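Under the numbering used here, the residues of the sequence shown are numbered 2 to 86, in order. Glycine residues also receive a C-beta, built at the ideal position from the N, C-alpha and C atoms. Note that the coordinates shown come from a computational prediction; the quantities given were computed from them, not determined experimentally.
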Amino acid sequence: QKKREEIKQRDLYLCQICIRELYNTINKYNTQDLEVHHNIPINENYDKELDDDNLLTVCHYHHEMCESGDIPREEVQTIINEQEK
Numbered sequence: 002q003k004k005r006e007e008i009k010q011r012d013l014y015l016c017q018i019c020i021r022e023l024y025n026t027i028n029k030y031n032t033q034d035l036e037v038h039h040n041i042p043i044n045e046n047y048d049k050e051l052d053d054d055n056l057l058t059v060c061h062y063h064h065e066m067c068e069s070g071d072i073p074r075e076e077v078q079t080i081i082n083e084q085e086k
């Protein structure tokens, strides 16, 4: 939970997909229903579970899209890399 809060703070408590107005964004400054997404799932690489460069704040809607592959991992990683600068 501590790491989840750190990532949300890094991402200014905004969905990082919505703020970029990608993938059917309705509200650019979305602070509702925020979750932290593991770009590389824990079941694929447990060692990256708490790595900042594997985590991104997203709303529930975009989290579902990330999980289903509707938002490609490569694109999510690019956004994470921008946030890490």
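**OP:** Taking the CB atoms as reference points, tell me whether L51 and I8 lie closer together than 7 Å.
**Re:** One-based indexing of the sequence shown puts residue 51 at position 50. One-based indexing of the sequence shown puts residue 8 at position 7. Taking 7 Å as the Cβ cut-off, L51 and I8 do not qualify as a contacting pair.
Original post:
Can you list, in chain order, the residues of its chain whose CB lies under 6 Å from that of T26, leaving out five sequence neighbours each side?
Top reply: In the sequence shown, the residue the question calls residue 26 occupies position 25. Answer for T26: C19, listed in chain order.
Subject >> Of the listed residues D53, S69, R74 and Y62, nearest to K3 (C-alpha basis) >> reply: Along the sequence shown, read from residue 1 onward, the residue named residue 3 stands at position 2. Ranking D53, S69, R74 and Y62 by Cα distance to K3 puts D53 first.
Original post:
Does the beta-carbon distance from L23 to T58 come in below 7 Å?
Top reply: On the sequence shown, position 22 is the one that residue 23 refers to. On the sequence shown, position 57 is the one that residue 58 refers to. No; because the gap between Cβ atoms is not below 7 Å, this pair is not in contact.
Subject >> Span of the alpha helix (DSSP H), counted from its first residue to its last, around E7 >> reply: Within the sequence shown, residue 7 is the residue found at index 6, counting from 1. Annotation: the continuous alpha helix (DSSP H) that includes E7 extends over K3 to R11.
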